[in-house]
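A.B. asks: For the sequence shown, the working numbering begins at 11 and goes up steadily by one. Cβ atoms here follow ideal geometry from the backbone N, Cα and C, with glycine treated the same way. All of these numbers come straight from a predicted model, not from anything done at the bench. Quick one: the structure is below, questions incoming.
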Amino acid sequence: MNIYVLMKRTFDTEERIQLQGDRIDEDSAEFIINPYDEYAIEEAVKLKESHDGEIVVLTVGTEESEKELRTALAMGADRAVLINAEDDYEDLDSSSVARIIAAYVAAQDVDVILAGNVAIDGGSGSVGPAVAELLDIPYVTTAVELIIDGTTAHITRDAEGDTEKVSVQLPFLMTCQQGLNEPRYPSLPGIMKAKKKPLDEVALDDIEVDDYEALTRREALSLPADKAAGRILDGELTAQIDELVGLLIHDRKIVG
């Protein structure tokens, strides 16, 4: 079974983020594997354990993505592919990335494509489904369970608080939701082995993609406004409750 995992290098939203003009200041940001993509990597490892095969982790980015690709290899992937967009990367949008990935994957022998449900930076959740549409293969989003029986995949997906069961034929693409599995931390042996696993770099010029120009344009980028400082209520508990209710009614207009 040939399993491809779509991975994105993204900034850690738990750390302080600074802007430089209309872009993230990468020198001050901490970068990680998109957390939802970790579910995809773990699910790929589980599939290989039960069905054998090869796991290829794929990303579109720059040479800075090598660290995250090596982490994915340490988590259990067999091979990594970096589609190096070099100076074009900042000008790409999700549709650009989807077209580039689809053009590359179309030339490969693929049974299963796994991706994170959404990236925590842009949050569009569109790359995975767009890749599947371009490849003309079935796809299922927000998956929380995957069982493959022969050439059929039985998938349970999150459906806004409920679940839905779907069956599709291989090859297919699935986006992975929290609850699908528990990603394992890279072990020391895994980290050491990852240093020797193949990491192939592919130039955009080597991929037969006719057009990857962005279809969207960022107009502005800003950080959320600072939250107002909290307020400590003094006095007896009953007095505090009365004051709190008054604040909710008159200041916040939450309680009518």
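1. For T166, which residues does DSSP report across the bridge?
2. Beta carbon of T173, beta carbon of R167: below 8 Å?
3. Does the region 223 to 237 come within contact of the region 91 to 107, defined as at least 3 CB pairs closer than 8 Å?
4. Let me make sure I understand the geometry here. Which of A87, N44, T81 has the alpha-carbon closest to that of E315?
5. Closer than 8 Å is the cut-off here; do at least three beta carbon pairs connect the region 116 to 130 with the region 239 to 248?
6. Skipping 5 residues on each side, what residues in its chain have a beta carbon closer than 7 Å to that of A213?
7. Under three-state DSSP, which class holds D210?
8. Taking the beta strand (DSSP E) that Y46 falls in, what are its first and last residues?
9. Write down every uninterrupted run of the alpha helix (DSSP H) in the region 51 to 131 whose length is 4 residues or greater and which is fully enclosed by it, in chain order.
10. Are the CB atoms of V137 and L190 nearer to each other than 8 Å?
11. Could you tell me the alpha carbon to alpha carbon distance between K56 and E48, rounded to whole angstroms?
12. If the criterion is Cβ atoms closer than 8 Å, does the pair T69 and L83 meet it?
13. Give the straight-line distance between the Cα atoms of H260 and P234, rounded to the nearest whole angstrom.
14. Name the one or two DSSP bridge partners that M184 has.
15. Give the straight-line distance between the Cα atoms of D252 and E170, rounded to the nearest whole angstrom.
16. Closest to H61 by C-alpha separation, out of G71, K237, N12, would be which residue?
17. Please work out which residues of its chain come closer than 6 Å, Cβ to Cβ, to V219, disregarding the five sequence neighbours upstream and downstream, and give them in chain order.
18. With DSSP as the reference, label T248 as helix, strand or coil.
C.D. replies: On the basis of the data shown:
1. As a first step, residue 166 is located in the sequence shown; it is residue number 156 there, counting from the start. According to DSSP, T166 bridges with E155, K175.
2. As a working note, residue 173 is residue 163 in the sequence shown. As a working note, residue 167 is residue 157 in the sequence shown. Yes, the pair counts as a contact, with Cβ atoms nearer than the cut-off.
3. yes
4. Outside the modelled stretch of the chain, which goes from 11 to 266, sits residue 315, for which no answer is possible.
5. no
6. Counting from one through the sequence shown, the residue named residue 213 turns up at place 203. The answer, listed in chain order, is N94.
7. As a position in the sequence shown, residue 210 is number 200, starting the count at 1. Strand at D210.
8. Taking the first residue of the sequence shown as position 1, residue 46 is located at position 36. Counting along the chain, Y46 falls outside any beta strand (DSSP E), though it belongs to the alpha helix (DSSP H) covering 45 to 61.
9. 76 to 85, 104 to 115
10. By 1-based counting over the sequence shown, the position of residue 137 is 127. By 1-based counting over the sequence shown, the position of residue 190 is 180. Contact: no.
11. Locating residue 56 in the sequence shown gives position 46, where the first residue counts as 1. Locating residue 48 in the sequence shown gives position 38, where the first residue counts as 1. Each residue's alpha carbon lies about 12 Å from the other.
12. Your numbering for residue 69 matches position 59 in the sequence shown. Your numbering for residue 83 matches position 73 in the sequence shown. For T69 and L83, no; Cβs fall outside 8 Å.
13. Within the sequence shown, the letter at position 250 stands for residue 260. Within the sequence shown, the letter at position 224 stands for residue 234. One C-alpha to the other measures close to 25 Å.
14. Counting from one through the sequence shown, the residue named residue 184 turns up at place 174. Paired residue(s): L124, V150.
15. Position 242 of the sequence shown, counted from the start, is the residue given in the question as residue 252. Position 160 of the sequence shown, counted from the start, is the residue given in the question as residue 170. Roughly 37 Å separates the two Cα atoms.
16. Looking up residue 61 in the sequence shown gives position 51. Checked all of G71, K237, N12; the closest Cα to H61 is N12.
17. The residue you call residue 219 lines up with position 209 of the sequence shown. So the list reads R109, I110, A113, once near-sequence residues are dropped.
18. The residue given as residue 248 occupies position 238 in the sequence shown. It is helical.
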